[in-house]
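The structure under discussion appears below in the form of structure tokens.
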Amino acid sequence: GENVEQHPSTLSVQEGDSAVIKCTYSDSASNYFPWYKQELGKGPQLIIDIRSNVGEKKDQRIAVTLNKTAKHFSLHITETQPEDSAVYFCAASRGAAGNKLTFGGGTRVLVKP
Amino acid sequence: NAGVTQTPKFQVLKTGQSMTLQCAQDMNHEYMSWYRQDPGMGLRLIHYSVGAGITDQGEVPNGYNVSRSTTEDFPLRLLSAAPSQTSVYFCASSYTGATDTQYFGPGTRLTVL
Chain L
2 GENVEQHPST LSVQEGDSAV IKCTYSDSAS NYFPWYKQEL GKGPQLIIDI
52 RSNVGEKKDQ RIAVTLNKTA KHFSLHITET QPEDSAVYFC AASRGAAGNK
102 LTFGGGTRVL VKP
Chain D
1407 NAGVTQTPKF QVLKTGQSMT LQCAQDMNHE YMSWYRQDPG MGLRLIHYSV
1457 GAGITDQGEV PNGYNVSRST TEDFPLRLLS AAPSQTSVYF CASSYTGATD
1507 TQYFGPGTRL TVL
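Chains as they are written, first to last, in this note's numbering: chain L, 2 to 114; chain D, 1407 to 1519.
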């Protein structure tokens, strides 16, 4: 089955700096790559996703890039703010061919004011 | 809309006891799933369902049963609780499958003594 590795496991940044989280996946048939943010005591919430026919996607201060050849995708957060402090998860799915979502181990991001 | 609701919020069991974690959604979503979240291991899929009457196994199904008699409800049963099942359990739902936005419930924190 699919295996998703996520790095780093913790990330501390100064407010205003950028944060980058990287994920690799093992199944070349995977075609959907979402990112979820989990705040303390809550369930994860989707912040951005990308499909395999797109190399990059942006939404305000967050962006995701995908390299299908290397089986690698990344989350970029620019101009970090204290409210960006949370745990972030990447995930991968091969869609109807498997209909399962496999998550990475998570990255705890701390934005220091 | 209440979204995805889970009960109970907290539960303590003794080894060997059985219990049911409840999950309900009011968004008319076809796809529902259960995950467990353990420190450093991200979210691991236990079971999922693509519609009423249809369920399938995820990565870590052993020791858990599910059924889907209605579109709204997807209970998770622990048959004989073990300390290894101590975890936070999340239920999620989406319109059609793993490549749609997953809406997570608030979670159930389960401790097995």
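Glycine is no exception: its CB is placed at the ideal position from the N, C-alpha and C atoms.
Since the model is a prediction, treat every value here as computed from it, not as a measurement.
*With a threshold of 16 other CB atoms inside 10 Å of the CB of L:Tyr37, please say whether the residue is buried or exposed.*
Under this definition L:Tyr37 is a buried residue.
For L:Arg52, the first and last residue of its enclosing beta strand (DSSP E): 46–52
>> Give me the chain D residues within the contact set of L:Lys59, using Cβ-Cβ distance strictly less than 8 Å, ordered along the chain.
In response: What L:Lys59 touches in chain D: nothing, since even the nearest Cβ is about 18 Å away.
Who does D:Phe1496 pair with in a DSSP beta bridge? D:Tyr1441
Anything in chain D within Cβ reach of L:Gly56, meaning under 8 Å, just list it in chain order. Chain D residues near L:Gly56: none, gap ~18 Å exceeds 8 Å.
Exercise. From the DSSP output, which residues share a beta bridge with L:Ala93?
Worked result: L:Thr103
- Query: At a Cβ cut of 9 Å, what residues of the region 1454–1476 of chain D count as close to chain L, listed as they run along the chain?
  - Reply: Contacts with chain L (Cβ-Cβ distance below 9 Å) from the region 1454–1476 of chain D involve Tyr1454, Val1456, Asp1462, Gly1464, Glu1465, listed in chain order.
### Query
What number of angstroms, rounded off, separates the C-alpha of D:Thr1426 from the C-alpha of L:Thr79?
43 Å
query = How many whole angstroms separate the CB atoms of L:Gln39 and L:Ala87, which I take to be in contact at a CB cut-off of 8 Å?
reply = 6 Å
Which two residues bound the contiguous beta strand (DSSP E) that contains L:Gln82? No beta strand (DSSP E) contains L:Gln82, which DSSP labels as neither H nor E.
**Study point:** Spatially closest choice to L:Ile49 from L:Asp28, L:Ser75, L:Leu111, L:Lys43, by CA coordinates
**Key:** L:Ser75
_At the 8 Å Cβ level, is D:Pro1414 part of the contact set with chain L, yes or no?_
no
>> Please list the terminal residues of the continuous beta strand (DSSP E) segment that includes L:Phe34.
In response: 33–39
| query | Along the chain, where does the beta strand (DSSP E) that runs through D:His1453 open and close? | reply | DSSP places D:His1453 inside the beta strand (DSSP E), whose first and last residues are 1449–1457.
Quiz item: Between D:Tyr1437 and D:Ser1499, which are expected to be in contact by the criterion C-beta below 8 Å, what is the C-beta distance as a whole number of angstroms?
Solution: 6 Å
*asked:* Just to confirm before moving on: does the CB-CB distance between D:Phe1510 and D:Phe1496 stay below 8 Å?
replied: yes
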